[in-house]
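Asker:
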Amino acid sequence: MSTVHDVLVVGAGFSGAVVAERLACSGLTVLVIDKRPHIAGNAYDVKDKHGVLIHPYGPHIFHTNSDAIVDYLSAFTAWRPYEHRVLAKAGDALVPIPINIDTVNTVYGLALDESTIQDFYDSVRQPCTHPCTSEEVVLNAVGQDLYEKFFRGYTRKQWGLDPSELAASVAARIPTRTNHDDRYFTDRFQAMPKDGYTRLFERMLDHPLIDVQLGVDYLAYRRSSKAESSNALKALHTVFTGPIDAYFDHCYGPLPYRSIRFEHQHLPGIPNFQPVGTINFPNDFEYTRTTEFKHLTGQTHSGTSIVREFPTDQGDPYYPVPRPENEARFKRYAALAEQEVDVTFVGRLAQYRYFNMDQCVGAALKCAQGIVQKFPQQTPNIHTTRARRHTA
Ligand code: FAD
Ligand code: UDP
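Here the working numbering is used: the first residue of the sequence shown is 4, the next is one more, and so on.
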């Protein structure tokens, strides 16, 4: 393979890996780099030293309503059906979240059913025609008391902001149920990659036209003297999936990204720690939630491994912070990005969007199509994904 690749992809997470795979299947040579020592970005999973498969960057559950995205990813993995359930601590009780009939009945000692729950919500909600903030979204749905019990404290911990300071879209991720459905997600497809996310990425990047180099920081390299004299990271086109403000040297000031300190723990000899995958702690502790990985992965083991999430401003950027002033700053960076004709920005950090994994895959598939059109002379590569389909 020539030293100068057709395309350099910065970041080996979902966004970068999908773009790389699609471009390689279109006949382009691709170099994927990541500053971390592993592929898979934040979806990376690995066995801890006790042999339990964990997600070092927090729990990742795949869910989508897009058949096309499932179809695409199924070329690289079989699936283990899994429906995530979350309980939240309210006083001494653990109750379903999103709020459903059972949540309300347990919290208030009521016996509501599907015919009476909406009347209850109507009696407590604070109607708002066009909710603009996360506070307004929740008050509009369930009123002050349930807001205080389940949303205000959690959100203040998670974001370091009051829900009144966050865009409506954040709390709108969590619906209010008028039935007994206690699943966290209602997407048609909910599953975990059978052999884990990292294995899925290994298969995705295992293509003769893809090279992968880990432990390489593109921005540090760009600043170094090597950048001028070497062809190492030169390419006709670059796809950047890191933070967009960092790419432009924070020239309009830093975009806030929220981080998390993950405290992992192995509990030997304890087969099960908690009744469901995740428990949320809206008003207790400094951490927001605990997740027990064996629920997600279905692994059997004599012990168990859990993670507690402590949100923080320090550390790796994990979450864009959806609020109007950040969106305005992002738009200024996006305008600079438009002028970079040989660079495409895609992904949760580069597009500054609170994307789930399936949304990253969708955005990356679209992005790859656009790039292929810039290289019209290429013929489709014979190593198509269809030949590598995995069956459940
Ligand atoms: P990333 O995965 O962040 O990948 C970007 C990569 O670029 C990183 O590996 C980074 O090291 C690399 N990079 C950055 N800058 C440079 C540079 N200068 N040089 C070289 N490399 C660089 N989504 C779901 O659908 N379901 C879930 O249950 C879920 N749970 C989540 C839980 C947590 C705690 C978090 C933080 C996210 C969760 N997500 C979930 C979202 C999911 O992680 C993202 O949608 C997805 O992983 C983003 O993929 P990406 O490729 O855009 O970014
Ligand atoms: N949220 C909350 N209480 C909960 C669960 C969620 O207040 O019990 C709010 C909080 O602001 C959180 C947002 O809803 O950041 C989105 O929750 P989600 O579980 O989707 O967050 P993620 O898994 O992306 O961290």
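Glycine is no exception: its CB is placed at the ideal position from the N, C-alpha and C atoms. Since the structure is predicted, the reported quantities are computational estimates derived from the model, not experimental observations.
Go to H298, then tell me how far its alpha helix (DSSP H) extends in each direction, as first and last residue.
Answerer: Element bounds for H298: 296-300.
Asker: Taking 8 Å as the cut-off, does the CB of V173 come closer than this to any heavy atom belonging to ligand 1?
Answerer: V173: no, Cβ never under 8 Å from ligand 1.
Asker: May I have the straight-line CA-CA distance separating F308 from K369, to the nearest angstrom?
Answerer: Per the sequence shown, the amino acid found at residue 308 is Ser instead of Phe. Cα to Cα, the separation comes out at about 37 Å.
Asker: Report the partner residues of H240 according to the DSSP bridge assignment.
Answerer: In the DSSP output, where bridge partners are listed per residue, H240 has V10.
Asker: Closer than 6 Å by C-beta to D190: which residues in its own chain qualify, once you throw out the five before and the five after it? Chain order, please.
Answerer: Same-chain partners within the cutoff: H66, T67, N68.
Asker: Could you spell out the range, first to last residue, of the beta strand (DSSP E) harbouring E139?
Answerer: Counting along the chain, E139 falls outside any beta strand (DSSP E), though it belongs to the alpha helix (DSSP H) covering 137-149.
Asker: Restricting to Cα atoms, I'd like to know which of M360, P323, D345 is closest to I72.
Answerer: Taking only the C-alpha atoms, the option nearest I72 is M360.
Asker: For H253, does the count of other Cβ atoms within 10 angstroms reach 16, so buried, or fall short, so exposed?
Answerer: With fewer than 16 other Cβ atoms within 10 Å, it is exposed.
Asker: Does A390 come out as helix, strand or coil in the three-state DSSP assignment?
Answerer: Confidence at A390 is low in this model, with a pLDDT of 43, below 50, so its placement is unreliable and the value that follows should be read with caution. It is helical.
Asker: Quick check: what's the CA-CA separation for V110 versus T244?
Answerer: Approximately 43 Å between the Cα atoms of the pair.
Asker: What residues in its chain sit with their C-beta under 7 Å from that of G199, if we drop five residues either side in the sequence?
Answerer: The answer, listed in chain order, is D48, L56.
Asker: Kindly indicate which residue of V215, D165, F153, F333 has the alpha-carbon position closest to the one of I177.
Answerer: The option with the nearest alpha carbon to I177 is F153.
Asker: State the CB to CB distance for the pair V215 and L208, rounded to an integer number of angstroms; the pair is presumed to be in contact (CB under 8 Å).
Answerer: That belief holds up - the Cβ atoms of V215 and L208 are roughly 6 Å apart, short of 8 Å.
Asker: Taking only three categories from DSSP, how would you classify I385?
Answerer: Bear in mind that the predicted position of I385 carries a pLDDT of just 43, short of 50, making it too unreliable to give a figure here.
Asker: Using the C-alpha atoms, what's the distance from E312 back to R264?
Answerer: Each residue's Cα considered, the two are about 6 Å apart.
Asker: Could you tell me the alpha carbon to alpha carbon distance between I102 and A238, rounded to whole angstroms?
Answerer: For I102 and A238, the distance between alpha carbons rounds to 50 Å.
Asker: So is E295 buried or exposed if we call it buried at 16+ other beta carbons inside 10 Å?
Answerer: Label assigned to E295: buried.
Asker: Sort A20, F288, V279 by Cα distance to Y187 and report the nearest one.
Answerer: Answer by Cα proximity: V279.
Asker: Comparing alpha-carbon positions, which option in E117, A93, G94, V140 lies nearest I104?
Answerer: Cα-wise, what sits closest to I104 is E117.
Asker: Can you list, in chain order, the residues of its chain with a C-beta nearer than 7 Å to that of V140? Leave out the 5 residues immediately preceding and following it.
Answerer: Cβ neighbours of V140 beyond the five flanking positions: P134, A171, A174, A175.
Asker: What I want to know is whether the C-beta of Y200 ends up closer than 8 Å to one or more non-hydrogen atoms of ligand 2.
Answerer: Flag unset: Cβ of Y200 not near ligand 2.
Asker: I need the DSSP call for N283, collapsed to helix, strand or coil.
Answerer: Reduced to three states, the DSSP call for N283 is strand.
Asker: Please state whether DSSP places F154 in a helix, a strand or coil.
Answerer: Helix.
Asker: Alpha carbon to alpha carbon, how far is Y124 from L97?
Answerer: Taking the straight line from one Cα to the other gives about 20 Å.
Asker: Ligand 1 and G318: does any heavy atom of the ligand fall closer than 8 Å to the residue's C-beta?
Answerer: No, ligand 1 has no heavy atom inside 8 Å of this Cβ.
Asker: How long is the line joining the alpha carbons of I36 and D148, rounded to whole angstroms?
Answerer: Taking the straight line joining both Cα atoms gives about 48 Å.
Asker: Assuming H53 and H269 make a contact with CB atoms under 8 Å, what is their CB distance in whole Å?
Answerer: Yes, they are in contact, since the Cβ atoms of H53 and H269 sit about 5 Å apart, within 8 Å.
Asker: So, helix, strand or coil for V107, using DSSP?
Answerer: Helix.
Asker: Excluding sequence positions up to five away, which residues of its chain have a Cβ less than 8 Å from the Cβ of T6?
Answerer: If we look at T6 and ignore the five residues flanking it on each side, its Cβ neighbours are N234, A235, K237.
Asker: How is D74 classed by DSSP in three states: helix, strand or coil?
Answerer: D74 falls in the helix class under three-state DSSP.
Asker: Just to confirm my understanding: we take A390, look at its own chain, exclude 5 residues before and 5 after, and list those with CB closer than 8 Å. What are they?
Answerer: Note that A390 has pLDDT 43, beneath the 50 cutoff, so the model's placement of it is unreliable and the number below is only indicative. If we look at A390 and ignore the five residues flanking it on each side, it has no Cβ neighbours.
Asker: Would you call D185 buried or exposed, if buried means 16 or more other Cβ atoms sit within 10 Å of its Cβ?
Answerer: Burial call: buried.
Asker: With distances taken between CB atoms, is the gap from E138 to Y150 smaller than 9 Å?
Answerer: For E138 and Y150, yes; Cβs fall inside 9 Å.
Asker: Tell me where the alpha helix (DSSP H) around F333 begins and ends.
Answerer: Its alpha helix (DSSP H) spans residues 327-342.
Asker: For ligand 2, any of its heavy atoms closer than 8 Å to the Cβ of P285?
Answerer: Yes, ligand 2 has a heavy atom inside 8 Å of this Cβ.
Asker: Tell me the rounded alpha-carbon separation between D345 and E330.
Answerer: Straight-line Cα distance between these residues: approximately 24 Å.
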